[in-house]
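J.:
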């Protein structure tokens, strides 16, 4: 189904002239999740995003659908239970995107350690019970020090006790967003990127009745009328509220910045995602993740007050992460010159909730009573001896007595990752906070409120849906048979003439849309591009609202992040083919090349490397 610059013109007209039931502001994962569910429910839905879809937070995560085992160190079992259950739901509705990839957690005997070998086994057993993977191929297990070093011979051996291995999932965050957006569009939602909300429309009763908007591509200003408006702008949530003169202006978010750095896999070889304490006794943990021949590591967690539209990696971020990585991999000697790519993103953390942290520093760190802890351990032991039931374990978990700290004085790593759904007195709805794993559940909660308000206030009846089974674009196949299905889609591409490796890559990127992608083979390869790159680009421009080379090379694919060595040869052919498809003249091509070069240079940290600041190594 076409979803492109050409269809965008009609979408803008529809937004001008349609009385919507719901207008969503923000095209990251939260807004995309609300859009697909609302459209499927028969809600007359519109969505506007002032940048590209997923251009902000939702393409700048750690790129995992993370189960949150870190929360078990403070016995926030409810958080983990919700997260691992929702992780399975996301895998079911987008089976071509999240993939299981067991996580290694090395355990060190050192001050400030999150887990020891005893507690990590208890945590992993609870984790497996909550995730319902006991007895499966993904059940946890422990490894000895020697086994950890066999897997990762470059890791620090001093103080290493062993490790745990448990189920986690890798993710493609930006593609999860665009697949939700595409499905919402196909279900009838009016979805437009590069449209900015500039003001709020009120009816005679002083209730929100739509938004003033501006098309950032044409400069045209227009009004969008809607019965309900929901703010899903992520870190921008408080800033968007400033447009609404009748909304409380008290800040509800505390944005923090997270940074990740990418190096070649030969410089830092790891066989599987690895998650461990930093070794700096700072109460934090960090990830080291292999991907597409590269290794990336992060993340930082610092308060942020700068440009929300353009957060950047700073020297202090690099210094910290290099110190961490060279502490844990002392023979690697990673420097800033090894960094091929990077990204910085903002987390929309709820400011006034002192519960679980993002990355290791707990607001209620270690405050579990001895009695409830011992009761839980005994129940788990009984469960493993088959003298207690799962229900017994769950009861013991629910009885854990935890002392929660007050919100005052929390560090950025101690701010809750919870979400918030509120409605102002003038009717404006705000859905904020949360994390990518929870997006479907957050949207379902918002949709329940939206459907009730539409029925009670506007007599608009909509249908109830099971969003746990609402599959996204590209995900329309059996989620219990992913491997065989991917082989089938890869065979479709291979039979059309693509090399096997390229066919596999396309199938894994586009899932059940692979057949559609292959239809763009007509006319053969574009000059300078492989068949795979040609049809991927053509499909993306025509059916994924790709408007710029940066959209394509950064968010529709991961070329800028994980294939930096290919960019010199890719840049001009991609621009030339997009110019043919979108009708650009030479001046526009030059503008697009300059923007692409700037994005590549920023990702590669050219502005820091140029400054020649000495890198900090261990």
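Numbering (full-length UniProt numbering), first residue to last: 1 to 618. Just so you know, even glycine gets a beta-carbon here, dropped at the ideal spot from N, CA and C. Since the model is a prediction, treat every value here as computed from it, not as a measurement.
1. What are the partner residues of residue 159, as DSSP defines its beta bridges?
2. Count the other CB atoms within 10 Å of the CB of residue 555; is the residue buried (16 or more) or exposed (fewer)?
3. Looking at the structure shown, is residue 477 part of a helix, part of a strand, or coil, going by DSSP?
4. Can you name the start and end residues of the alpha helix (DSSP H) that residue 178 belongs to?
5. Looking only at its own chain, which residues have a Cβ that is under 7 Å from the Cβ of residue 40, when we skip the five neighbours before and after it?
6. Count the C-beta pairs between the stretch 246-260 and the stretch 36-52 that are closer than 8 Å, then say yes if the count reaches three, no if not.
7. With distances taken between CB atoms, is the gap from residue 230 to residue 34 smaller than 8 Å?
8. Could you please give the first and the last residue of the uninterrupted beta strand (DSSP E) stretch that includes residue 231?
9. Alpha carbons only, please: which of 145, 138, 128 is nearest the one belonging to residue 109?
10. Compute the Euclidean distance between the alpha carbons of residue 431 and residue 65, then round it to the nearest angstrom.
11. Here's the rule: buried if 16 or more other CB atoms are within 10 angstroms of the residue's CB, otherwise exposed. What is residue 595?
12. Alpha helix (DSSP H) containing residue 588: first to last residue?
13. State buried or exposed for residue 326, treating a residue as buried only when at least 16 other CB atoms are found within 10 Å of its CB.
14. Where does residue 17 sit, in a helix, a strand or coil, going by DSSP?
15. What are the boundary residues of the alpha helix (DSSP H) that residue 119 is part of?
16. Buried or exposed: residue 216, going by 16 or more other Cβ atoms within 10 Å of its Cβ?
17. Would you report the Cα separation of residue 160 and residue 288, rounded to the nearest angstrom?
18. Please work out which residues of its chain come closer than 7 Å, Cβ to Cβ, to residue 320, disregarding the five sequence neighbours upstream and downstream, and give them in chain order.
19. Going straight from the alpha carbon of residue 138 to that of residue 102, what length do you get?
20. For the alpha helix (DSSP H) containing residue 264, name the first residue and the last one.
21. Look at residue 295 and residue 286 and say whether their C-beta atoms are less than 8 Å apart.
22. Mind checking whether residue 507 and residue 486 have CB atoms under 8 Å apart?
23. Can you check which of these residues, 28, 36, 46, is closest to residue 12 by C-alpha distance?
24. Helix, strand or coil for residue 10, going by three-state DSSP, please let me know.
25. If you follow the alpha helix (DSSP H) that residue 33 is part of, which residue opens it and which one closes it?
26. Can you list the alpha helix (DSSP H) stretches of 4 or more residues lying completely in the stretch 503-527, in chain order?
27. Residue 14 to residue 5, Cα distance in whole Å?
28. Nearest by alpha-carbon distance to residue 352: which of 449, 152, 433, 275 is it?
29. Tell me the rounded alpha-carbon separation between residue 197 and residue 213.
30. Once DSSP output is grouped into helix, strand and coil, what is the label at residue 243?
31. Mapping the DSSP letters down to three states, classify residue 200 as helix, strand or coil.
32. Mapping DSSP to helix, strand and coil, what is residue 562?
33. Straight-line CA distance for residue 460 to residue 491?
34. Is residue 607 buried or exposed, if buried means 16 or more other CB atoms sit within 10 Å of its CB?
35. Tell me where the beta strand (DSSP E) around residue 440 begins and ends.
T.: Working from what's here:
1. Numbered from its first residue, the chain shown carries residue 159 at position 159. Beta-bridge pairing links residue 159 to no other residue.
2. Here residue 555 corresponds to residue number 555 of the chain shown, with the count starting at 1. Its Cβ being crowded by 16 or more others within 10 Å, residue 555 is buried.
3. As a first step, residue 477 is located in the chain shown; it is residue number 477 there, counting from the start. Three-state result, residue 477: coil.
4. Residue 178 sits at position 178 when you count from the first residue of the chain shown. From DSSP, the alpha helix (DSSP H) with residue 178 extends over 173-186.
5. Your numbering for residue 40 matches position 40 in the chain shown. So the qualifying residues of the chain are 187, 465, 470.
6. no
7. Position 230 of the chain shown, counting from 1, holds the residue named residue 230. Position 34 of the chain shown, counting from 1, holds the residue named residue 34. Against a cut-off of 8 Å, the Cβ pair of residue 34 and residue 230 comes out as a contact.
8. To locate residue 231, count along the chain shown from 1; it is residue 231. Going by DSSP, residue 231 is part of the beta strand (DSSP E) stretching over 221-231.
9. Locating residue 109 in the chain shown gives position 109, where the first residue counts as 1. Out of 145, 138, 128, the CA that lies nearest to the CA of residue 109 is found in 145.
10. What you label residue 431 is simply residue 431 of the chain shown in a count that begins at 1. What you label residue 65 is simply residue 65 of the chain shown in a count that begins at 1. Answer to the nearest angstrom: the Cα atoms are 20 Å apart.
11. Here residue 595 is taken as the residue at index 595 of the chain shown, counted from 1. Answer is exposed; the Cβ neighbour count stays below 16.
12. Residue 588 sits at position 588 when you count from the first residue of the chain shown. Note, residue 588: alpha helix (DSSP H), 586-603.
13. Along the chain shown, one-based indexing puts residue 326 at 326. Residue 326 comes out buried.
14. Sequence index remark: in the chain shown, residue 17 carries index 17 (1-based). Helix, per DSSP.
15. Numbered from 1 along the chain shown, position 119 holds the residue referred to as residue 119. Where residue 119 is concerned, the enclosing alpha helix (DSSP H) stretches over 117-131.
16. Within the chain shown, the letter at position 216 stands for residue 216. It counts as exposed.
17. Walking along the chain shown from the start, residue 160 turns up at place 160. Walking along the chain shown from the start, residue 288 turns up at place 288. Cα to Cα, the separation comes out at about 17 Å.
18. In the chain shown, the residue the question calls residue 320 occupies position 320. Result list for residue 320: 300, in chain order.
19. On the chain shown, residue 138 is found 138 positions in, with the first residue counted as 1. On the chain shown, residue 102 is found 102 positions in, with the first residue counted as 1. So the two alpha carbons sit approximately 7 Å from each other.
20. In the chain shown, residue 264 corresponds to position 264, counting from 1. Counting along the chain, residue 264 falls outside any alpha helix (DSSP H), though it belongs to the beta strand (DSSP E) covering 256-264.
21. In the chain shown, the residue the question calls residue 295 occupies position 295. In the chain shown, the residue the question calls residue 286 occupies position 286. Going by C-beta atoms, residue 295 is not nearer than 8 Å to residue 286.
22. Residue numbering aside, residue 507 sits at position 507 when the chain shown is read from its first letter. Residue numbering aside, residue 486 sits at position 486 when the chain shown is read from its first letter. Closer than 8 Å, so yes.
23. In the chain shown, residue 12 corresponds to position 12, counting from 1. If you compare the alpha carbons of 28, 36, 46 with that of residue 12, the shortest gap goes to 46.
24. Counted from its first residue, the chain shown places residue 10 at position 10. DSSP places residue 10 in helix when its eight states are reduced to three.
25. If you number the chain shown from 1, residue 33 lands on position 33. Start and end: 29-40.
26. Secondary structure in the stretch 503-527: the alpha helix (DSSP H) runs of 4 residues or longer, each lying completely within the stretch, are 514-518 in chain order.
27. For the purposes of this step, residue 14 is taken as the residue at position 14 of the chain shown. For the purposes of this step, residue 5 is taken as the residue at position 5 of the chain shown. So the two alpha carbons sit approximately 15 Å from each other.
28. In the chain shown, residue 352 corresponds to position 352, counting from 1. Minimum Cα distance to residue 352 is reached at 433.
29. One-based indexing of the chain shown puts residue 197 at position 197. One-based indexing of the chain shown puts residue 213 at position 213. Straight-line Cα distance between these residues: approximately 4 Å.
30. The sequence position of residue 243 within the chain shown is 243, counting from 1. Residue 243 sits in coil when the DSSP states are folded into three classes, being neither helix nor strand.
31. Your numbering for residue 200 matches position 200 in the chain shown. Residue 200: strand per DSSP, three-state reduction.
32. Locating residue 562 in the chain shown gives position 562, counting from the first residue. Residue 562: helix per DSSP, three-state reduction.
33. As a first step, residue 460 is located in the chain shown; it is residue number 460 there, counting from the start. As a first step, residue 491 is located in the chain shown; it is residue number 491 there, counting from the start. The alpha-carbon atoms of residue 460 and residue 491 are separated by roughly 46 Å.
34. Sequence index remark: in the chain shown, residue 607 carries index 607 (1-based). Looking at its Cβ environment, which holds fewer than 16 other Cβ atoms inside 10 Å, residue 607 is exposed.
35. Indexing the chain shown from 1 puts residue 440 at position 440. Taken as a continuous stretch (DSSP letters only), residue 440 belongs to no beta strand (DSSP E), being part of the alpha helix (DSSP H) at 439-458.
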